[in-house]
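J.: Numbering (the working numbering), first residue to last: 227 to 313.
A virtual CB, placed ideally from N, CA and C, is assigned to each residue, including glycine.
As the structure is a computational prediction, the values presented were derived from the model and not from experiment.
#1: What does the alpha-carbon distance come out to for the pair residue 271 and residue 233?
#2: Throw me the rounded Cβ distance for the residue 317 and residue 303 pair, which I believe falls under 8 Å.
#3: Cα separation between residue 282 and residue 253?
#4: Thinking C-alpha only, which one of 288, 266, 227 and 300 is nearest residue 278?
#5: Is the beta carbon of residue 242 sitting closer than 7 Å to the one on residue 296?
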């Protein structure tokens, strides 16, 4: 598996993702909002900021996942997982 083309392309995509500053910034922003989300979820929809935090969390996650470098990485990750599942 480690010598397969799929694994090599996965590693390349991972390195590109790790080197991408925009992806890193968006991921950090998502993590900050996710911390707020975790606090809000302790109280559920009764929390005063429930709607705003839910919307903000989805917006940040979508912005991160729509980056081409992230989409490429996710596609390579799925391909590698499918290869592993076949073995």
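T.: Looking at the atomic coordinates:
#1: The straight-line gap from Cα to Cα measures roughly 43 Å.
#2: Shown here, the chain extends from 227 to 313; a query on residue 317 therefore has no answer.
#3: 13 Å
#4: 266
#5: No; because the gap between Cβ atoms is not below 7 Å, this pair is not in contact.
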